[in-house]
Amino acid sequence: MIHKWLREGMSKSSIARRLGISRETVRKYALKPEGYVPVISRKPNENLVDEHLPYIAAMLETAKTNKVEIPTTVIYDEIVKR
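Residue numbering for the sequence shown follows our numbering, starting at 10 and increasing by one per position.
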């Protein structure tokens, strides 16, 4: 897309504004061959809630069995207590 807009005469600044990225990023990709796809090699971040999922699932299952609702604030408070 950057190459196309540059060929159409659009400035790097206007491309940067349109895409919400810096001019330097536009410049970096303008120097790459057209069709270049960056390889992103980072591991996914762990979600802070992941370690609490079994506990939350158990709480929700108990609530479902007892036909009661648990507000999210109560779930949060229970996790903080642990």
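From the three backbone atoms N, C-alpha and C, an ideal C-beta is built for every residue, glycine too.
(1) When you compare the CB positions of I84 and M68, do they come within less than 8 angstroms of one another, or not?
(2) Okay, do the stretch 52-60 and the stretch 31-42 touch, 3+ Cβ pairs below 8 angstroms being the bar?
(3) Over the uninterrupted alpha helix (DSSP H) stretch that includes I65, give me the two end residues.
(4) The alpha helix (DSSP H) with L57 in it runs from where to where?
(5) Using only the alpha-carbon positions, how far apart do G18 and G29 sit?
(6) Which of the three DSSP states is assigned to S22 in this structure?
In short:
(1) The residue given as residue 84 occupies position 75 in the sequence shown. The residue given as residue 68 occupies position 59 in the sequence shown. For I84 and M68, yes; Cβs fall inside 8 angstroms.
(2) no
(3) Counting from 1 along the sequence shown, the entry for residue 65 is found at position 56. Unbroken alpha helix (DSSP H) run through I65: L62 to T74.
(4) Numbered from 1 along the sequence shown, position 48 holds the residue referred to as residue 57. It is not in any alpha helix (DSSP H) - L57 carries neither H nor E in the DSSP assignment.
(5) By one-based count along the sequence shown, residue 18 stands at place 9. By one-based count along the sequence shown, residue 29 stands at place 20. So the two alpha carbons sit approximately 19 angstroms from each other.
(6) In the sequence shown, residue 22 corresponds to position 13, counting from 1. Here S22 sits in helix by DSSP.
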